[in-house]
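**Q** Numbering (my numbering), first residue to last: -14 to 109. Yeah, the Cβ is synthetic: ideal placement off N, Cα and C, and Gly gets one too.
#1: Residue 34: buried (16+ other C-beta within 10 angstroms of its C-beta) or exposed?
#2: On the premise that residue 38 lies in contact with residue 3, defined as a C-beta separation below 8 Å, what is that separation, rounded to the nearest angstrom?
#3: Determine the direct distance from the alpha carbon of residue -10 to that of residue 49, and round the result to whole angstroms.
#4: Opposite residue 38 in the DSSP bridges: which residues?
#5: Would you tell me roughly how many angstroms separate the C-alpha atoms of residue 30 and residue 5, rounded to the nearest one?
#6: Classify residue 87 as buried or exposed, calling it buried when 16 or more other Cβ atoms lie within 10 Å of its own Cβ.
#7: Taking just the CA atoms, how far does residue 32 sit from residue 18?
#8: Taking Cβ to Cβ, would you say residue 46 is nearer than 8 Å to residue 26?
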């Protein structure tokens, strides 16, 4: 949803608002997501590319017309990257996500943060 120049993400009873200007490449990775045409138009006006994914793998790209050519060049470079590089980058992304989850557990005072952090550091 789009309101007041912001992307509104609603899930169950929660809502998060993000300024369109703060978006670069939002990834829609669930078949349950619904995008309002006003949101998509605002993203296109702001030069925001939208990545659509199926089973956690990019499957499509929505690009604005007449925007900077670098977005499509970067998307092509990423798509053409060697599988070994993609694998290393995915591993690093998972490792960072685990470390971030550990930081959240620390913030909420959980005793499990150290175990999760240790697993994240050694994840390969």
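**A** Inspection of the coordinates gives the following:
#1: Along the chain shown, read from residue 1 onward, the residue named residue 34 stands at position 49. Within a 10 Å sphere around the beta-carbon of residue 34 sit 16 or more other beta-carbons, which makes this residue buried.
#2: As a working note, residue 3 is residue 18 in the chain shown. As a working note, residue 38 is residue 53 in the chain shown. Actually they are not in contact, since the Cβ atoms of residue 3 and residue 38 sit about 18 Å apart, beyond 8 Å.
#3: Here residue 49 corresponds to residue number 64 of the chain shown, with the count starting at 1. Here residue -10 corresponds to residue number 5 of the chain shown, with the count starting at 1. Those two C-alpha atoms are separated by around 17 Å.
#4: Counting from one through the chain shown, the residue named residue 38 turns up at place 53. DSSP lists 43 as partners of residue 38.
#5: Along the chain shown, one-based indexing puts residue 30 at 45. Along the chain shown, one-based indexing puts residue 5 at 20. Their backbone Cα atoms lie some 10 Å apart in a straight line.
#6: By 1-based counting over the chain shown, the position of residue 87 is 102. Buried, because 16 or more other Cβ atoms sit within 10 Å of the Cβ of residue 87.
#7: Taking the chain shown and counting its residues from 1, one reaches residue 18 at position 33. Taking the chain shown and counting its residues from 1, one reaches residue 32 at position 47. If you take the alpha carbons of residue 18 and residue 32, they lie about 21 Å apart.
#8: Within the chain shown, residue 46 is the residue found at index 61, counting from 1. Within the chain shown, residue 26 is the residue found at index 41, counting from 1. Not in contact: residue 46 and residue 26 (Cβ atoms no closer than 8 Å).
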